[in-house]
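Numbering (our numbering), first residue to last: 86 to 245.
Structure first, then comments.
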Amino acid sequence: MSSVKIELRKDQIEKIHSFCDTFNNAHGELINVLHKTQGEFGYLPAEVQEVIADKIDMPVAKVYGVVTFYSFFTMTPKGQHPISICTGTACYVRGAENVLAEFKKQLDIEVGETSEDGKFSLSCLRCVGACGLAPVVQVGEKTYGRIAPDDVEEILKEYL
86 MSSVKIELRK DQIEKIHSFC DTFNNAHGEL INVLHKTQGE FGYLPAEVQE VIADKIDMPV
146 AKVYGVVTFY SFFTMTPKGQ HPISICTGTA CYVRGAENVL AEFKKQLDIE VGETSEDGKF
206 SLSCLRCVGA CGLAPVVQVG EKTYGRIAPD DVEEILKEYL
């Protein structure tokens with residue numbers, strides 16, 4: 086969990102409350118509330134989780150448990166262009182580790198980190214369902230298939 090404390094503005098708290106209200110402040114709608122909130126803020130820091138927990142009358146630990154259980158949710162800000170390398174079986178066998186190593190080298194970041202300029206963040210995922218195109222890389226919503234380490238520089242240039 087990030088040790089950087091953020092200060093939520095009144096309008097941000099009201100926005101989170103409106104998301105909770107949209108789903109009737111129901112415990113069973115927590116994932117929907119988190120999804121909508123992350124869509125607005127880009128991530129779910131502890132302070133946001135506390136507001137949600139308070140509004141829907143749920144322990145913060147339970148909210149945190151859901152956020153950390155599902156890989157879709159993140160507690161750290163993602164880069165402007167989030168990069169995900171598939172490390173599922175087909176991609177792994179076809180060299181995803183080498184592609185990942187090249188992204189790490191060129192961006193000078195590790196998995197889970199964001200570049201200093203805030204442009205890129207790096208993550209791994211288990212499967213994108215495009216095994217025939219292995220190894221697969223996603224940048225935002227765009228999917229690249231049959232990627233080799235030599236392709237990484239060209240992919241990054243598209244987003245600079």
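Ideal Cβ positions, reconstructed from N, Cα and C, are used throughout, including at glycine.
All values derive from a computational prediction rather than experimental measurement.
List the DSSP bridge partners of residue i.
i: Cys171; result: Leu210
i: Gln223; result: Ser169 and Thr228
i: Phe205; result: His166
i: Thr199; result: Ser206
Looking at residue i and the ligand NAD, is the gap between the Cβ and the nearest heavy atom below 7 Å?
i: Tyr177; result: As presented, the structure is devoid of all ligands, the ligand NAD included, so that no description of it is given.
Please report how far the alpha carbon of residue i lies from the alpha carbon of residue j, in whole angstroms.
i: Val184; j: Asp193; result: 14 Å
i: Ala175; j: His112; result: 38 Å
i: Ile141; j: Lys190; result: 43 Å
i: Ile232; j: Arg211; result: 16 Å
i: Thr228; j: Pro234; result: 16 Å
i: Glu239; j: Glu195; result: 20 Å
i: Ile98; j: Ile170; result: 34 Å
Considering just the uninterrupted stretch of the alpha helix (DSSP H) at residue i, what are its terminal residues?
i: Tyr149; result: Val145 to Phe154
i: Asn117; result: Leu115 to Phe126
i: Phe188; result: Ala181 to Leu192
i: His102; result: Lys95 to Thr107
i: Glu92; result: Note, Glu92: premise wrong, no alpha helix (DSSP H); not H, not E.
i: Leu129; result: No alpha helix (DSSP H) contains Leu129, which DSSP labels as neither H nor E.
i: Ile141; result: Unbroken run through Ile141: none, as it is neither H nor E.
i: Leu218; result: Run containing Leu218: none; DSSP gives neither H nor E here.
i: Glu243; result: From DSSP, Glu243 is part of no alpha helix (DSSP H); its letter is neither H nor E.
Can you have a look at residue i and say buried or exposed, based on whether 16 or more other CB atoms are within 10 angstroms of its CB?
i: Pro130; result: buried
i: Ala146; result: exposed
i: Phe188; result: buried
i: Phe157; result: exposed
i: Val178; result: exposed
i: Ser265; result: There is simply no residue 265 to check, as the chain begins at 86 and stops at 245 in what is shown.
i: Met86; result: Since pLDDT at Met86 reaches only 40, below the 50 mark, its modelled position is unreliable, and the value read off the structure follows with that caveat. By the neighbour-count rule (16 or more Cβ atoms within 10 Å), Met86 is not buried but exposed.
i: Pro220; result: buried
i: Thr153; result: exposed
i: Ser95; result: The sequence shown places Lys at residue 95, not Ser. Lys95 is exposed by the Cβ-count criterion.
i: Gly124; result: exposed
### Query
How do the stretch 117-126 and the stretch 137-157 stand: do at least 3 beta-carbon pairs fall below 8 Å, yes or no?
Segments in contact, yes.
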